[in-house]
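The sequence shown begins at 40 in our numbering and counts up by one. No residue lacks a Cβ here, since even glycine has one placed at the ideal position from N, Cα and C. Just so we're clear, the structure is a prediction, and the values are computed from it rather than from any experiment.
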Amino acid sequence: MSPAVEKWFRDNEMADLVPVFARQKLFTFRLLKGLTSDLLREFIPEIGVRINFMQSIKVLDESPNLLSELRTEPLVDQQTDSEEIDDDLDIDGSEIVDEHGNPIVVMKLGENSTSECFTPDPPLKKRRVEVSTPISRQGKENRKTIQVPFHILEQQAIEKIRNLDFKSLLKEDVFTSHVLETYELSGDLSDQDRGYIVAVAAKYLLNLTPRVTSLAYNCMADKVIEIFPHENKSLYFFASNVKGKNSSGKLPSKIKNIKFSLNKRGSSSGSRNILQTFKEVNSQGSETTVQATLTESTEDEVRQAIISLQHTSLDSWPEILRLWSFTHTYRRQLGANSETFSDFKEWDVLKSANGHLLLCQDFKELYPSREDLFIAKWDKVKGAIISLVRKETAKTDVTTQQLLQSLDTAPDGQSDPIVLSQLASLCCKRGRGNCKSANKEICSPTSARSAFLLHITTPNDLTRQVHNYMATLYKEKRLFQPIIILVGPSLSEISASYVQIQDVRYYVRTPLAAVDVCFKSFFALDLQYPSLAYPIWLFIQKFFYNIVTEADSNVPRVVSVLSSLKSAMSRQAV
40 MSPAVEKWFR
50 DNEMADLVPV
60 FARQKLFTFR
70 LLKGLTSDLL
80 REFIPEIGVR
90 INFMQSIKVL
100 DESPNLLSEL
110 RTEPLVDQQT
120 DSEEIDDDLD
130 IDGSEIVDEH
140 GNPIVVMKLG
150 ENSTSECFTP
160 DPPLKKRRVE
170 VSTPISRQGK
180 ENRKTIQVPF
190 HILEQQAIEK
200 IRNLDFKSLL
210 KEDVFTSHVL
220 ETYELSGDLS
230 DQDRGYIVAV
240 AAKYLLNLTP
250 RVTSLAYNCM
260 ADKVIEIFPH
270 ENKSLYFFAS
280 NVKGKNSSGK
290 LPSKIKNIKF
300 SLNKRGSSSG
310 SRNILQTFKE
320 VNSQGSETTV
330 QATLTESTED
340 EVRQAIISLQ
350 HTSLDSWPEI
360 LRLWSFTHTY
370 RRQLGANSET
380 FSDFKEWDVL
390 KSANGHLLLC
400 QDFKELYPSR
410 EDLFIAKWDK
420 VKGAIISLVR
430 KETAKTDVTT
440 QQLLQSLDTA
450 PDGQSDPIVL
460 SQLASLCCKR
470 GRGNCKSANK
480 EICSPTSARS
490 AFLLHITTPN
500 DLTRQVHNYM
510 ATLYKEKRLF
520 QPIIILVGPS
530 LSEISASYVQ
540 IQDVRYYVRT
550 PLAAVDVCFK
560 SFFALDLQYP
570 SLAYPIWLFI
580 QKFFYNIVTE
590 ADSNVPRVVS
600 VLSSLKSAMS
610 RQAV
């Protein structure tokens, strides 16, 4: 900053503003006089200091020692410009005229004057300015005031959202006002209710700013949660932590759809395995414990345990489980870079009838104290799941309606398989709200149900049906992952339950045990969920086992179901 300008600040008792204007490269009196009210508000947020500055500028304009008759142009904010000007913006005194076209005589100041002389600025590089009228290269018509910079608009929008009475805004709409009344009575929202709420919020955001930022989405999602505390915030806005990936949620999707519709009318997860993710999330927890175990265990002891696993009699299962747990760290490190299902090639003990117990033991090593959560929670939440399915199922969904009817006539203790099959209808809704899997495949309830569990009516067809199922997956170039097999004339008359992993088939006592073993095998063998059944397994993972990994995809339908069940369970607790 030139000494004359700095002296002017100090003489007007505004020395604190010197570094502010120096950072913004405001060197001349001409630039000071050309500041607009919006830029002044940005540079000087304190209103009292800003008023003093404006009064000093007024005195500067009236000073006879300066070019008071020289027209000043608004300061151009180079961050929000849009039109390129190729000409250098030099000022030539011979070309300066007043509004009537009369030439203005430029006063020359003395050498000893303390005021800064208006010499032409050094040639500037191309600048971009926002103007509302065309600019002629010969005449350079007067430019109107520039638009407000986007970062200022963004800040203003954030302040308005934070001060917004969102409940009053919802009451202004006939649909959302009805949603509020219903929520006060039932404490629950349907997908249609959420759609009405999102429509009002999206309209308000677009009225504030055409470019809605993540911060604005986050603030609006907070407003929704304030009114509807049982809802899950990630259902409305989920900020992506992956570079280059857009945020998701109902609010961004709604605004994206609105913009697409306007444009149409002419108006304005690389996959990562579960084990690697678990190590990153728990880098200071279980992984530290694992390394400590290896340190304490000598190489000879580990080698001896491995030999014992390969040759110990299968009748001694307590000893096998002890050795399996002892060698857990070594086996995980050994299989980290191995091909899929390598455990079954290297450890014959997994192919035994009780091999699923070893998979459950590995899951227990990874997630201590969570191995029994599914069985413990099931009876408590089964009723809420059935109620939600009845509420969310459309009359046109014939398959789900038939399953609900069979649920009413099922014998006591035989309804679990029917409810398990209903998870497909719950997590993969039909119609426009079709759920997408991690690889963007559409998951219809029927396809998701087939990928989740395989129902076989007669035991004689078991081998043939499994072979046909594997052949279909091979033809579609899909990997055969663990799957639940239920055998019985109907889902209410299940006589046998199995978990099939490649060529190995485990018999388990109940359908619930089959779900438990199948889920744990994904983590024990470090496998991904089947793409078509991904929403179902993600729901089980988060709702029953309380497991969250960085590799989880954000499935809006699953988030919605989790929020609804959370609300239903809280009402039951009261």
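A contact is defined here as three or more CB-CB pairs under 8 angstroms, and the stretch 392-410 meets this definition with respect to the stretch 547-560.
Distance from Leu-274 to Val-598 at the Cβ level is roughly 4 angstroms; contact confirmed, criterion being Cβ atoms closer than 8 angstroms. Counting other Cβ atoms within 10 Å of its Cβ, Asp-542 stays below 16 and is therefore classed as exposed. Put simply, of Ala-196, Asp-50 and Asp-591 the residue whose alpha carbon is nearest the alpha carbon of Ala-255 is Ala-196. Between Asp-451 and Leu-551, the CB-CB gap reaches or exceeds 8 angstroms. Secondary structure within the stretch 511-543: the beta strand (DSSP E) runs of 3 or more consecutive residues, fully enclosed, are 522-526 and 535-540 (chain order). Between the stretch 204-212 and the stretch 233-249, the count of C-beta pairs closer than 8 angstroms reaches three or more; the two stretches touch. Distance from the CA of Ile-457 to the CA of Leu-244, rounded to the nearest whole angstrom, comes to 43 angstroms.
The beta-carbon distance between Ser-464 and Thr-432, rounded to whole angstroms, is 6 angstroms. This is short enough to meet the 8 angstroms contact definition. Where Ile-424 is concerned, the enclosing alpha helix (DSSP H) starts and stops at 412-431. Counting along the chain, Ile-495 sits inside the beta strand (DSSP E) bounded by residues 492-495. Rounded to the nearest angstrom, the gap between the Cα atoms of Ser-216 and Glu-223 is 11 angstroms. In the structure shown, Phe-267 falls within a coil segment according to DSSP collapsed to helix, strand and coil.
The closest CA to that of Val-213, considering only Asn-202, Ser-592 and Asp-232, is found on Asp-232.
Bridge pairing for Val-547: Ser-536 [DSSP]. If you look at Ala-43, you'll find it in the alpha helix (DSSP H) that goes 42-50. Between the C-alpha atoms of Ser-529 and Met-509 there is a straight-line separation of about 22 angstroms.
Close CB contacts of Ile-586 within its chain, under the 8 angstroms cut and outside five residues either way in sequence, are with Tyr-406, Arg-409 and Gln-580 (chain order). A direct Cα-Cα distance of roughly 12 angstroms separates Arg-80 from Leu-192. Relative to the Cα of Ala-553, the nearest Cα in the group Ser-292, Asn-593, Thr-511 and Leu-492 belongs to Leu-492.
Around the CB of Ser-225, fewer than 16 other CB atoms lie within 10 Å, so the residue is classed as exposed. Residues of the same chain with a CB within less than 8 angstroms of the CB of Pro-42, apart from the 5 flanking positions on each side, do not exist. In this chain, the alpha helix (DSSP H) harbouring Ile-457 covers 455-466.
Bridge partners of Ser-287 according to DSSP: Phe-277. Here Thr-438 is near Thr-485, since their CB atoms are less than 8 angstroms apart.
Relative to the Cα of Ser-364, the nearest Cα in the group Ala-344, Phe-583, Ser-355 and Gln-349 belongs to Ala-344. Shown here for Ile-297: same chain residues with a beta carbon closer than 7 angstroms to its own, the five before and five after excluded, namely Ala-241 and Leu-245 in chain order. Remark: C-beta atoms of Ala-535 and Tyr-546 approach each other more closely than 8 angstroms.
The closest CA to that of Val-538, considering only Ile-524, Glu-385, Phe-582 and Ser-603, is found on Ile-524.
Here Val-213 carries a helix assignment [DSSP, helix/strand/coil].
Rounded to the nearest whole angstrom, the CA to CA distance from Ser-253 to Leu-571 is 30 angstroms. One thing to note: Ala-607 has its Cβ within 8 angstroms of the Cβ of Asp-227. In terms of CA proximity to Ala-423, Phe-582 leads the group Asn-51, Asp-555, Gln-194 and Phe-582. When C-alpha distances from Ile-540 are compared across Leu-604, Ile-90, Thr-549 and Ala-392, the shortest belongs to Ala-392. Residues of the same chain with a CB within less than 8 angstroms of the CB of Leu-427, apart from the 5 flanking positions on each side, are Leu-465, Val-600, Ser-603, Leu-604 and Ala-607 in chain order. Within the same chain, Cβ atoms closer than 7 angstroms to the Cβ of Tyr-369 are found at Val-341, the five residues on either side in sequence being excluded.
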